[in-house]
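To start, the structure itself, in structure tokens.
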Amino acid sequence: MASGGSNLAASNPALDKAVSERVQALRAANPDADPRVPVELVTTSASGLDNNLTPAAALWQVPRVAQARQLSVEQVTQLVNQATQTPLLSFLGQPVVNILQLNMALDALKDK
Numbered sequence: 001m002a003s004g005g006s007n008l009a010a011s012n013p014a015l016d017k018a019v020s021e022r023v024q025a026l027r028a029a030n031p032d033a034d035p036r037v038p039v040e041l042v043t044t045s046a047s048g049l050d051n052n053l054t055p056a057a058a059l060w061q062v063p064r065v066a067q068a069r070q071l072s073v074e075q076v077t078q079l080v081n082q083a084t085q086t087p088l089l090s091f092l093g094q095p096v097v098n099i100l101q102l103n104m105a106l107d108a109l110k111d112k
């Protein structure tokens with residue numbers, strides 16, 4: 001698996017095209033989600049290996065995950081909320097969803 005950002009400047013037309021294509025693909029794969037796709041789902045981080053998402057990005061995917069896992073939207077939303085971690089000091093950082101913890105909780109529901 002490759003890691004790293006794209007190294008394309010924000011003004012680069014290739015980046016704009018790539019982001020637009022990603023938005024279209026996500027909308028097609030998530031027809032029940034809000035048409036406003038969270039930016040972090042269509043851009044890359046510096047490392048490309050982040051294990052956390054913002055709550056907004058995780059919640060955006062809830063309808064598709066619920067359908068794929070044959071769970072209710074409410075069940076998946078509750079698990080997202082449970083996997084959301086706040087910074088130790090509220091002024092240092094933002095809440096994030098621990099994706100590993102969330103996936104493990106989703107798998108545990110499947111095993112019941």
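For the sequence shown, UniProt numbering assigns the number 1 to the initial residue and increments by one for each residue that follows.
Glycine included, every Cβ here is placed at the ideal spot set by N, Cα and C.
In this text, all values refer to a predicted model and were calculated from it rather than measured experimentally.
Distance from the Cα of Ala108 is smallest, within the candidate group Arg69, Val96, Asn81, Thr84, for Arg69.
Taking C-beta atoms as the reference points, Val97 and Val80 count as a pair closer than 7 Å.
DSSP places Thr86 outside both helix and strand once states are collapsed to three, so it counts as coil. Burial is judged here by how many other beta carbons sit within 10 angstroms of a residue's own beta carbon; Pro38 has at least 16 and is buried. In this structure, Asp34 keeps its C-beta atom at 7 Å or more from the C-beta atom of Pro63. Leu53 is bridged by DSSP to Val97.
Scanning its chain for C-beta atoms nearer than 6 Å, with the 5 sequence neighbours on each side dropped, one finds around Ala56 the residues Pro38, in chain order. Comparing alpha carbon positions, the residue from Gln75, Val42, Gly93, Ile99 closest to Ala83 is Ile99.
Between Val42 and Val76, the CB-CB gap reaches or exceeds 7 Å.
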